[in-house]
Amino acid sequence: MRIYYTDQIRQYDGAITQMGHSVSPYAELIPPNANSYLQYGECTSSCLTQVMADNSVPNIKVIAGMLHSHLLGIRMKLRHIYQNGTEAAPILRDNNYDFNYQEFRILNQERVILPGQSLQVECDYRTTTRSNFTYGGLGTSQEMCIAYTMYYPKISLSYCETAPVVDHLLYYLNHTDVRYTSFSAYGSLHDIILNHNNKTVLQSLNEMHWNQTNANAFSALMKDIRRSVTCKINGVRHPRVPASEPAISITREYVEPIQTCVEPSSGFQVELMKDVCSVSTRPVPFAAFLFTTFSLVVLTTLFYHDS
44 MRIYYTDQIR QYDGAITQMG HSVSPYAELI PPNANSYLQY GECTSSCLTQ
94 VMADNSVPNI KVIAGMLHSH LLGIRMKLRH IYQNGTEAAP ILRDNNYDFN
144 YQEFRILNQE RVILPGQSLQ VECDYRTTTR SNFTYGGLGT SQEMCIAYTM
194 YYPKISLSYC ETAPVVDHLL YYLNHTDVRY TSFSAYGSLH DIILNHNNKT
244 VLQSLNEMHW NQTNANAFSA LMKDIRRSVT CKINGVRHPR VPASEPAISI
294 TREYVEPIQT CVEPSSGFQV ELMKDVCSVS TRPVPFAAFL FTTFSLVVLT
344 TLFYHDS
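The following block contains the structure:
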C-alpha cells in the first residue's frame with residue numbers, strides 16, 4: 044500500500060458513498076434454484092437532491108467506483124436514471140463479476156449527477172447451488188448488492204440505499220397474521236412467526252417450490268414493491284428525507300449501442316490476434332486529479348464485513 048501526501052491544496056475534496064440495497068436479513072431475499080435472479084437497490088432522488096442542497100452543491104461528478112456482492116453474484120451494474128425516468132448508460136458494469144477480483148475502477152469520463160436524478164444498483168445472482176433462501180448479511184455466505192461510489196465535490200452523504208418495506212412484503216406474501224419474536228437490527232425472517240401454523244416466514248418460503256419462473260416473478264415483485272429509504276448524513280438518518288417511497292420507475296431503459304466488430308485476418312500469430320470493436324459513442328479521456336482528502340470509512344467497513 045502507498046499513501047501519497049501533498050501540501051498543494053486541491054480545489055475539491057472527494058468522498059465515497061455506499062449506494063444500493065440496504066444490507067437487510069428481513070428484506071434482502073434471494074430464492075434458490077435460479078440460474079439468474081435480479082435484485083435492485085436505489086439511491087433515491089429525494090436523498091441526493093436534499094443532501095446536495097444541504098451542501099450547496101449544484102451536482103456531483105462520479106469518477107470511480109467498486110461494485111460489491113458476495114459469492115452468488117455473477118453480474119452487477121450501477122444504473123443512472125434521469126428525472127423523467129429515462130435511463131442513461133450504466134456508470135459501472137461488470138458482466139463477469141467475481142467476488143475474488145474486486146477493485147475500484149476509474150471511469151473514462153466523469154458522470155454528472157444532478158438534483159432530481161437517481162441511481163440504481165442491479166445485482167444478478169446464480170443460486171443453483173443453494174437449496175434454501177439466501178438473505179442479506181455481513182457473512183460471505185449471505186449477500187449484498189452495493190456500489191461504493193467515488194465522486195466530487197464532497198457531500199455529507201455516507202449511505203444512500205433502499206430495501207422493500209417488510210410489512211408490504213409480508214402483505215404480498217399473504218403473511219399478515221404474524222408475530223415478531225425479535226426486533227433486533229440483526230434479526231431475520233426467522234424472527235417472524237406465522238400465527239396459523241407457528242412456522243417462521245423463512246421456513247414458509249423455503250418450503251415453496253422454487254425454479255427460474257418463480258424466481259423471475261419474485262424478482263419482479265421485489266423490484267416494484269414500496270421501498271424503505273436509508274439516507275444517512277455522517278452516519279445519521281436525514282430528518283427531511285421520507286422514510287419510505289414508491290419504487291423507482293424507469294420509463295425508458297437504456298439500450299446498448301450495436302457493436303461493429305472486425306474479424307482478424309488469417310495469418311497472424313495467435314498471440315497477436317485480437318477483436319477490434321467500435322461502438323457509436325467514444326469515451327472522453329479522464330482528466331486525472333488528486334483529492335486533498337476522502338473518507339476511508341466505507342472501505343474499512345467493507346473489509347470488516349467480509350472478514
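Going by this note's numbering, the sequence shown opens with residue 44, and the numbers climb by one from there.
Even glycine gets a Cβ: it sits at the ideal position worked out from N, Cα and C.
Values in this document were obtained by computation on a predicted structure and should not be read as measured data.
Please report the distance separating the alpha-carbon of residue i from that of residue j.
i, j, result
"P285", "S89", "8 Å"
"D267", "R53", "42 Å"
"R325", "E299", "Its pLDDT being 42, under 50, R325 is placed unreliably in this model, and the coordinates cannot settle the point."
"S292", "L162", "12 Å"
"R173", "R122", "28 Å"
"Y144", "N238", "45 Å"
"F176", "L115", "12 Å"
"Y178", "D137", "22 Å"
"E146", "M109", "6 Å"
"V322", "T303", "Its pLDDT being 48, under 50, V322 is placed unreliably by the model, and the measurement read from it follows with that caveat. Cα to Cα, V322 sits roughly 6 Å from T303."
"I46", "I301", "41 Å"
"A260", "N249", "16 Å"
"R75", "A263", "Per the sequence shown, the amino acid found at residue 75 is Pro instead of Arg. Between P75 and A263, the C-alpha separation is close to 16 Å."
"A132", "V221", "43 Å"
"L181", "Q152", "32 Å"
"D141", "S112", "9 Å"
"H64", "Y48", "34 Å"
"K275", "M62", "11 Å"
"P328", "Y55", "Below a pLDDT of 50, predicted positions are generally treated as unreliable, and P328, at 39, falls in that range; the measurement from the model is reported next regardless. Going by the C-alpha atoms only, they are around 20 Å apart."
"L315", "N139", "Low per-residue confidence applies at L315: pLDDT is 48, beneath 50, and the placement is therefore not dependable, though the value from the model is reported in the following sentence. Spanning the two alpha carbons is a distance of roughly 24 Å."
"S227", "N254", "31 Å"
"A58", "M251", "44 Å"
"T92", "N98", "10 Å"
"D234", "S67", "13 Å"
"T294", "L216", "27 Å"
"M265", "N241", "25 Å"
"L245", "T219", "14 Å"
What do you reckon, are the CB atoms on residue i and residue j nearer than 8 Å?
i, j, result
"I117", "D50", "no"
"L150", "A190", "no"
"A77", "T170", "yes"
"T243", "L232", "yes"
"M95", "I198", "yes"
"I134", "R148", "no"
"E296", "E165", "no"
"S201", "T60", "yes"
"Y83", "A258", "no"
In terms of residue numbering, what span does the beta strand (DSSP E) encompassing residue i cover?
i, result
"D137", "L135 to D137"
"D50", "Taken as a continuous stretch (DSSP letters only), D50 belongs to no beta strand (DSSP E), as it is neither H nor E."
"D210", "No beta strand (DSSP E) contains D210, which is instead part of the alpha helix (DSSP H) from V209 to Y215."
"C166", "S161 to Y168"
"G116", "G116 to I124"
"R295", "Careful: R295 lies outside any beta strand (DSSP E) and carries neither H nor E."
"A58", "A58 to H64"
"N127", "No beta strand (DSSP E) contains N127, which DSSP labels as neither H nor E."
"L150", "R148 to I156"
For the alpha helix (DSSP H) containing residue i, name the first residue and the last one.
i, result
"K266", "Q255 to D267"
"V105", "Taken as a continuous stretch (DSSP letters only), V105 belongs to no alpha helix (DSSP H), being part of the beta strand (DSSP E) at I103 to H111."
"E250", "V244 to E250"
Who are residue i's beta bridge partners in DSSP?
i, result
"T87", "In the DSSP output, where bridge partners are listed per residue, T87 has none listed."
"L237", "V221"
"I276", "V279"
"K197", "None, per the DSSP bridge assignment."
"R173", "BP columns for R173 are empty, so no partner."
"Q82", "C166"
"G179", "E186"
"L72", "Y178"
"S287", "S271"
"Y191", "Q61 and M109"
"A206", "S271"
Let me check you understand the geometry: is the CB of residue i closer than 7 Å to at least one non-hydrogen atom of the ligand NAP?
i, result
"Q302", "As far as ligands go, the structure on display features none, and thus does not contain the ligand NAP."
Original post:
So, do the stretch 273-280 and the stretch 207-224 have three or more beta carbon pairs nearer to each other than 8 Å?
Top reply: no
Original post:
Are the stretch 69-88 and the stretch 151-165 in contact at 8 Å, needing three or more beta carbon pairs?
Top reply: yes
Original post:
Between the stretch 256-276 and the stretch 286-303, do three or more beta carbon pairs fall short of 8 Å?
Top reply: yes
**OP:** Would you check if the stretch 200-208 and the stretch 123-132 touch, i.e. whether three or more CB-CB distances between them fall below 8 Å?
**Re:** no
**OP:** Kindly confirm or deny that the stretch 177-190 and the stretch 60-72 touch, where touching means at least three C-beta pairs closer than 8 Å.
**Re:** yes
Subject >> Given 8 Å, three or more beta-carbon pairs between the stretch 96-107 and the stretch 194-203 >> reply: yes
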